[in-house]
Each structure stands twice: as structure tokens, then as C-alpha cells.
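Chemist:
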Amino acid sequence: MSDIQEKISEEIKAARDVCSTDGTGSENCAAAWDAVEELQAEASHQRESEKPKTNFETYCDENPEADECRIYED
Numbered sequence: 001m002s003d004i005q006e007k008i009s010e011e012i013k014a015a016r017d018v019c020s021t022d023g024t025g026s027e028n029c030a031a032a033w034d035a036v037e038e039l040q041a042e043a044s045h046q047r048e049s050e051k052p053k054t055n056f057e058t059y060c061d062e063n064p065e066a067d068e069c070r071i072y073e074d
């Protein structure tokens, strides 16, 4: 996770450099900030996938035969 945070920091610095050189209204500036936004979205998705299991999920992992844990398919 820290790798993506480092990459985000690098991209932010690069975006600031581009915007200070080309101007805040340039296409290059907008593209640089789009890259930052995409990395931040990926970091967010990674955090969501790392959510711990609920007590119910843990219970079902340990007791898959329990009535509460049965999965019915159509």
C-alpha cells in the first residue's frame, strides 16, 4: 500500500511542476491531475478490498454447515 502512496506523491509533484510550467488551464496540467485522481481511486479500491471479515463471515467460515450460512442457488 505504501508503494501506491509514494507513486501518488510523485504524481502530485509532477502535476504541480507541469501546471506551473504550462499553466493551470493547459491540457497537460489537466492530464497530470487526472493521473493523480486515477491513482487515488486505485488506492481507495485497494483499501476497500482489505476490509476485515465480519463476525458472521468468520462464523460461517468456521461452520459452513450451519443453517445461517447456507447458500441457496436457483
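Counting from 1, position 59 in the sequence shown corresponds to residue 59 in full-length UniProt numbering; the numbering is continuous, with no gaps.
Glycine included, every Cβ here is placed at the ideal spot set by N, Cα and C.
1) Find out if the Cβ-Cβ distance for the pair Q5, A43 is shorter than 8 Å.
2) So what's Y72 in DSSP terms, helix, strand or just coil?
3) So, is E50 buried or exposed, given that buried needs 16 or more other C-beta atoms within 10 angstroms?
4) Considering just the uninterrupted stretch of the alpha helix (DSSP H) at A14, what are its terminal residues?
5) Thinking C-alpha only, which one of T24, E68, D67, D34 is nearest I8?
Modeler: Taking the coordinates as given:
1) Closer than 8 Å, so yes.
2) In the structure shown, Y72 sits in coil (DSSP, three-state: anything other than H, G, I, E or B).
3) An exposed status is given to E50, since fewer than 16 other beta-carbon atoms sit within 10 Å of its beta-carbon.
4) Unbroken alpha helix (DSSP H) run through A14: 2 to 22.
5) Looking at the Cα atoms, D34 is the closest of the given residues.
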